[in-house]
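Enquirer: Each residue of the sequence shown is one higher than the one before, starting from 124 at the first, in this note's numbering. I have a structure I would like to understand better, so I am pasting it below and will then ask my questions one at a time.
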Amino acid sequence: PYYPGTQDRYRRFAEAYPHAEYFSAGPGVRPPASGVWTAAPNNREIGAPTKYMLLSIDGASAEPDEYCLRNEAFANVLTLVTLPDASPKAFLDAAADFCNTKVWGTLKATVIMHPSLTSAQPELEDRVCANLKYGMVGINCTGYISYAGFTTVWGGYPGEALDTLQSGQGFIKNTLMVDNIQKAVVKAPFRCTMHTLREKEFLFSPELSAALAPVMAKPTSITRVGKLLFTLFTTGVGLSSKAEG
Numbered sequence: 124p125y126y127p128g129t130q131d132r133y134r135r136f137a138e139a140y141p142h143a144e145y146f147s148a149g150p151g152v153r154p155p156a157s158g159v160w161t162a163a164p165n166n167r168e169i170g171a172p173t174k175y176m177l178l179s180i181d182g183a184s185a186e187p188d189e190y191c192l193r194n195e196a197f198a199n200v201l202t203l204v205t206l207p208d209a210s211p212k213a214f215l216d217a218a219a220d221f222c223n224t225k226v227w228g229t230l231k232a233t234v235i236m237h238p239s240l241t242s243a244q245p246e247l248e249d250r251v252c253a254n255l256k257y258g259m260v261g262i263n264c265t266g267y268i269s270y271a272g273f274t275t276v277w278g279g280y281p282g283e284a285l286d287t288l289q290s291g292q293g294f295i296k297n298t299l300m301v302d303n304i305q306k307a308v309v310k311a312p313f314r315c316t317m318h319t320l321r322e323k324e325f326l327f328s329p330e331l332s333a334a335l336a337p338v339m340a341k342p343t344s345i346t347r348v349g350k351l352l353f354t355l356f357t358t359g360v361g362l363s364s365k366a367e368g
């Protein structure tokens, strides 16, 4: 639990969902020799890793104040929401409406779409991107890619009132200085270069991670550029921003 307060948030989720499922971390997670788990900066004590928590709720009967939909865990908690069976178009419309109306926050959303669906109904990709009221929408990629791409933007969906702020007002990044931006859209292949690289275990070995740690802790201008190029290469993303009006 890296973030301060993570263990307390994790405990609150566990109390709210006594029937949650738990999965242990992989065998690669080993306690330090001292028995004390720490993290930067200043080697602060953070406690032992928590198990993965899986929550399952019925989207059709979810209450507006459902705890897992209104609170961010900042921990290894995953909520699985089921919606009624429907055609791809109806399902994506229902999923977008559910996220817009019942899930707290408007920062980013990720949609996983199989190539067979995008080939058969290519219009659905743009339709779901347009329907989701988020500052960043990613197709087959994490929202961090938008943060890493300097020409895209990072911020909550426009229109949040000051007395009901969720993800905030305004955007950062936007180096092209586009006016009246509504959201950033990032698209990546269903299977990208990173998936192939993950099959090469040496690329994700503890030894390599330890060697890269000093570079990440004290980045230089060169390493920042290299990190961006590596991110774009391994995800094969296409970056764009959408303006209102």
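By construction, the Cβ of each residue, glycine as well, lies at the ideal position given by its N, Cα and C atoms.
Cα separation between Ile-262 and Ser-269?
Expert: Start at 1 with the first residue of the sequence shown, and residue 262 comes out as number 139. Start at 1 with the first residue of the sequence shown, and residue 269 comes out as number 146. Their backbone Cα atoms lie some 11 Å apart in a straight line.
Enquirer: Tell me the DSSP secondary structure of Ile-235 in three-state form.
Expert: As a first step, residue 235 must be located in the sequence shown, where it is residue number 112. Three-state DSSP puts Ile-235 in coil, outside helix and strand.
Enquirer: On the CB-based measure, 16 or more other CB atoms within 10 Å of its CB, does Leu-299 come out buried or exposed?
Expert: Counted from its first residue, the sequence shown places residue 299 at position 176. That one is exposed.
Enquirer: Which runs of the alpha helix (DSSP H), 4 residues or longer, sit entirely within the segment 202-278?
Expert: Fully enclosed alpha helix (DSSP H) runs of 4 or longer: 211-225, 238-243, 246-254 and 267-271.
Enquirer: Reducing DSSP to helix, strand and coil, say where Ile-370 ends up.
Expert: There is simply no residue 370 to check, as the chain begins at 124 and stops at 368 in what is shown.
Enquirer: So what does Tyr-190 bridge to, in DSSP terms?
Expert: Position 67 of the sequence shown holds residue 190. Paired residue(s): none; Tyr-190 is not in a bridge.
Enquirer: Tell me, to the nearest whole angstrom, how far the beta carbon of Ala-196 is from that of Arg-132; I am working on the premise that it is less than 8 Å.
Expert: Taking the sequence shown and counting its residues from 1, one reaches residue 196 at position 73. Taking the sequence shown and counting its residues from 1, one reaches residue 132 at position 9. Rounded, the Cβ-Cβ distance is 6 Å, consistent with contact.
Enquirer: Compare the Cα-Cα distances from Asp-188 to each of Ala-139, Thr-233 and Ala-284 and report the closest residue.
Expert: Looking up residue 188 in the sequence shown gives position 65. Of the listed residues, the one whose Cα sits closest to Asp-188 is Ala-139.
Enquirer: So, using beta-carbon positions, are Thr-229 and Lys-256 closer together than 8 Å?
Expert: Residue mapping note: residue 229 aligns to position 106 of the sequence shown, counting from 1. Residue mapping note: residue 256 aligns to position 133 of the sequence shown, counting from 1. The answer is yes: Cβ separation under 8 Å.
Enquirer: Going by DSSP, what residues sit across from Asp-181 in a beta bridge?
Expert: In the sequence shown, the residue the question calls residue 181 occupies position 58. Thr-205.
Enquirer: What whole-angstrom Cβ distance do Ser-179 and Leu-203 have, given they're in contact under 8 Å?
Expert: The count along the sequence shown starts at 1 and reaches residue 179 at position 56. The count along the sequence shown starts at 1 and reaches residue 203 at position 80. Yes, they are in contact, since the Cβ atoms of Ser-179 and Leu-203 sit about 5 Å apart, within 8 Å.
Enquirer: Is there contact here, the segment 266-286 with the segment 241-248, by at least three beta-carbon pairs under 8 Å?
Expert: No, because fewer than three Cβ pairs between the segment 266-286 and the segment 241-248 fall closer than 8 Å, the two stretches do not touch.
Enquirer: Ignore the nearest five residues each way along the sequence and tell me which others in Gly-279's own chain have a CB closer than 6 Å to its CB.
Expert: Counted from its first residue, the sequence shown places residue 279 at position 156. Excluding positions up to five away in sequence, the list reads Thr-229, Leu-230, Gly-258, Ser-290 and Gly-291.
Enquirer: So for Tyr-133, helix, strand or coil by DSSP?
Expert: Reading the sequence shown from its first residue, position 10 is the one you call residue 133. Three-state DSSP puts Tyr-133 in a helix.
Enquirer: Could you pull the start and end residues of the beta strand (DSSP E) that Tyr-145 belongs to?
Expert: In the sequence shown, counting from the first residue as 1, residue 145 sits at position 22. Per DSSP, Tyr-145 belongs to the beta strand (DSSP E) from 144-146.
Enquirer: Who pairs with Val-200 in a beta bridge, going by DSSP?
Expert: Numbered from 1 along the sequence shown, position 77 holds the residue referred to as residue 200. According to DSSP, which records beta bridges pairwise, Val-200 is partnered with Met-176.
Enquirer: Can you grab the Cα-Cα spacing for the pair Cys-252 / Thr-173, in whole Å?
Expert: Walking along the sequence shown from the start, residue 252 turns up at place 129. Walking along the sequence shown from the start, residue 173 turns up at place 50. C-alpha separation (whole angstroms): 34 Å.
Enquirer: If contacts are defined as beta-carbon pairs under 8 Å, then Ala-232 and Val-200 qualify, I think. What distance do you get, rounded to the angstrom?
Expert: Your numbering for residue 232 matches position 109 in the sequence shown. Your numbering for residue 200 matches position 77 in the sequence shown. Actually they are not in contact, since the Cβ atoms of Ala-232 and Val-200 sit about 18 Å apart, beyond 8 Å.
Enquirer: Near Ala-218, which residues of its chain fall below 7 Å by C-beta distance, leaving aside the five closest residues on each side in sequence?
Expert: As a working note, residue 218 is residue 95 in the sequence shown. Answer for Ala-218: Leu-206, listed in chain order.
Enquirer: What's the call for Thr-161, buried or exposed, on a 16-neighbour Cβ count within 10 Å?
Expert: The sequence position of residue 161 within the sequence shown is 38, counting from 1. Answer is exposed; the Cβ neighbour count stays below 16.
Enquirer: On the CB-based measure, 16 or more other CB atoms within 10 Å of its CB, does Trp-227 come out buried or exposed?
Expert: What you label residue 227 is simply residue 104 of the sequence shown in a count that begins at 1. Classification for Trp-227: exposed.
Enquirer: Taking the Cβ atom as the reference point for each residue, do Asn-254 and Asp-216 lie within a distance shorter than 8 Å?
Expert: For this step, residue 254 is matched to residue 131 along the sequence shown. For this step, residue 216 is matched to residue 93 along the sequence shown. In contact: Asn-254 and Asp-216 (Cβ atoms closer than 8 Å).
Enquirer: Please identify the residue among Phe-313, Gln-130 and Thr-343 whose C-alpha is closest to the C-alpha of Ser-239.
Expert: Numbered from 1 along the sequence shown, position 116 holds the residue referred to as residue 239. Out of Phe-313, Gln-130 and Thr-343, Phe-313 has the C-alpha closest to the C-alpha of Ser-239.
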